[in-house]
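The structure under discussion appears below in the form of structure tokens.
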Amino acid sequence: MNRRRTLTAVAAGAFLATTAVVAVVVTDGDGPTEAVSAAPTTTSSTAGTTTSSAPAPAPTTTIPTPPPPPTAAPATTPAPPGPMVAVEPARIVVPALGVDAPVIRLGLQRDGTLEVPATAHEVGWWSGGTLPGTTGPAVLAGHVNLGDQRGVFARLAELAAGDRIDVAADDGTTISYVVTRVERHPKDAFPTDAVYDMTAGPELRLITCGGDFDRSSGHYEDNVIAFATPA
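Residue numbers (the working numbering): 591 to 821.
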């Protein structure tokens, strides 16, 4: 059931660190694209991660093209505790990062890459994927920076296992998640299966850009991904 896709990195103006959720690689029209990281190997952490300081130039955010919504769950994935209600996300709150931001819908661009939020302070939900609260990975993405503006997910790599994430609908219905791990991967080795494959229960992916910034290309080399399960 694993689907492997070619990951496309395009300019996105500091979106996810300038893809995800999980959950998506994209580009903005305002700036260069992301690119190079000092560490060619993937790093992950269950207790927290080390962040890279964002350079002054205006990078763009990119997230790999999401595959079609998954249809089956692996038998090895444990089922989540308790029933949940599906919500279309309108707001996300991440207390550990001081994030309280609006959530907008994201579709796909003509080249098949995920759209990115038009502003630094918005988070985008991939509307072609999973609704928060339903079985599967709901993918949300945000910028690390956009031009000279600090992005909503500028500190995403600082999340640690156990940190809470609240996703709320317009009517106030809220689903709470708990971070299980945070990973950083080179964009050319994006973990598509881990981010997008079907799960046994509701899960959440937050995605942005990270790693070193290549001034010559205007790209960050890596993506930072936070994985979370229902609280």
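The C-beta atom is built at its ideal place from N, Cα and C for all residues, glycine as well.
Quiz item: Which residues mark the beginning and the end of the beta strand (DSSP E) in which residue 804 is found?
Solution: Your numbering for residue 804 matches position 214 in the sequence shown. From DSSP, the beta strand (DSSP E) with residue 804 extends over 792-804.
Quiz prompt | Where the alpha helix (DSSP H) through residue 830 begins and ends | solution = The chain is shown from 591 up to 821; residue 830 falls before or after that span and cannot be answered.
Quiz item: Can you tell me whether DSSP reads residue 778 as helix, strand or coil?
Solution: For the purposes of this step, residue 778 is taken as the residue at position 188 of the sequence shown. Residue 778: helix per DSSP, three-state reduction.
Practice problem: With residue 819 as the anchor, note down where its beta strand (DSSP E) starts and where it stops. | Solution: The sequence position of residue 819 within the sequence shown is 229, counting from 1. That run of the beta strand (DSSP E) goes 809-820.
Quiz item: Grouping DSSP H, G and I as helix and E and B as strand, with all else coil, what is residue 749?
Solution: Here residue 749 refers to the residue found at position 159 when the sequence shown is read from its first residue. DSSP places residue 749 in coil when its eight states are reduced to three.
Quiz item: Excluding sequence positions up to five away, which residues of its chain have a Cβ less than 6 Å from the Cβ of residue 723?
Solution: Residue 723 sits at position 133 when you count from the first residue of the sequence shown. So the qualifying residues of the chain are 674, 675, 676, 677, 765 and 792.
Quiz item: Would you report the Cα separation of residue 626 and residue 798, rounded to the nearest angstrom?
Solution: Here residue 626 refers to the residue found at position 36 when the sequence shown is read from its first residue. Here residue 798 refers to the residue found at position 208 when the sequence shown is read from its first residue. For residue 626, the pLDDT reaches just 29, beneath the cut-off of 50, and the residue's location in the model is therefore unreliable, leaving the point undetermined.
Quiz item: In this structure, does DSSP put residue 719 in helix, strand or coil?
Solution: Residue 719 sits at position 129 when you count from the first residue of the sequence shown. Coil at residue 719, not helix or strand.
Practice problem: Give every residue of the same chain whose Cβ lies closer than 6 Å to the Cβ of residue 756, excluding the five residues on either side of it in the sequence, and list them in chain order. | Solution: By one-based count along the sequence shown, residue 756 stands at place 166. 683, 764 and 766.
Quiz item: Looking at the structure shown, is residue 692 part of a helix, part of a strand, or coil, going by DSSP?
Solution: Here residue 692 is taken as the residue at index 102 of the sequence shown, counted from 1. Residue 692: strand per DSSP, three-state reduction.
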